[in-house]
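S.K.:
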Amino acid sequence: MRDHQIGGLPVVEGPTKTIVGNLSIRDIRYLLLKPEIFSNFRNLTVMDYMKKIVSASYEPGKVTRPITCKPDSTLQSVIHTLASQSIHRIYTVDENDQVVGVITLRDVISCFINEPDYHFDDYYGFAVKDMLNH
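Written out as structure tokens, the structure reads:
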């Protein structure tokens, strides 16, 4: 994630690559906060990790299904979804629920404001470094 300067990835399943979840920097930081649950995290599959997150209820009431929109959704509806769901990204999916794109809160804000160079390293760099050092 750090190498590509992204804060999250879609989790897809099966030969049709249907979206089933989302893995974010915040989720990965959770590994550091709950080592008793994830003592062997380097060998966990993404799907096993997602199941453990749900069973541990690290954020009670948090929506665990991926939030999506269609390619013909309006920017207004995307912004509304980002705000009302308190999320940072929404995946664009086709009629088969295959990911065709992603729109992040950062993308929306960047339409109106330019961020300084190296912003990603300053903001996310510490989380990735902490995880790699443990």
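In the numbering used here, the protein residues as written are 1 to 134.
Every residue gets a Cβ at the ideal spot worked out from N, C-alpha and C, and that includes glycine.
It should be emphasised that the depicted structure is a prediction, and the values quoted were computed from it without experimental measurement.
(1) For the alpha helix (DSSP H) containing ILE67, name the first residue and the last one.
(2) Using C-beta distances below 6 Å, list every residue in its chain close to LEU9, excluding the 5 sequence neighbours before and after it, in chain order.
(3) If you count every other CB in all the chains shown that lies within 10 Å of the CB of PRO66, and 16 or more means buried, which is it?
(4) Determine the contact status of THR90 and ILE103, defining contact as a CB-CB distance below 8 Å.
(5) Between the Cα of MET47 and those of ASP94, ARG26, ILE28 and GLY21, spot the shortest distance and give me the residue it belongs to.
(6) If you draw a straight line from the alpha carbon of ARG135 to that of SER73, how long is it in whole angstroms?
(7) Should GLY14 go down as buried or exposed, given a rule of 16 or more other Cβ atoms within 10 Å for buried?
(8) From which residue to which residue does the alpha helix (DSSP H) around ARG42 run?
M.R.: In short:
(1) No alpha helix (DSSP H) holds ILE67; DSSP gives it neither H nor E.
(2) LEU23
(3) buried
(4) Per the sequence shown, the amino acid found at residue 90 is Ile instead of Thr. The answer is yes: Cβ separation under 8 Å.
(5) GLY21
(6) Any question about residue 135 goes unanswered here, given that the chain covers just 1 to 134.
(7) exposed
(8) It is not in any alpha helix (DSSP H) - ARG42 carries neither H nor E in the DSSP assignment.
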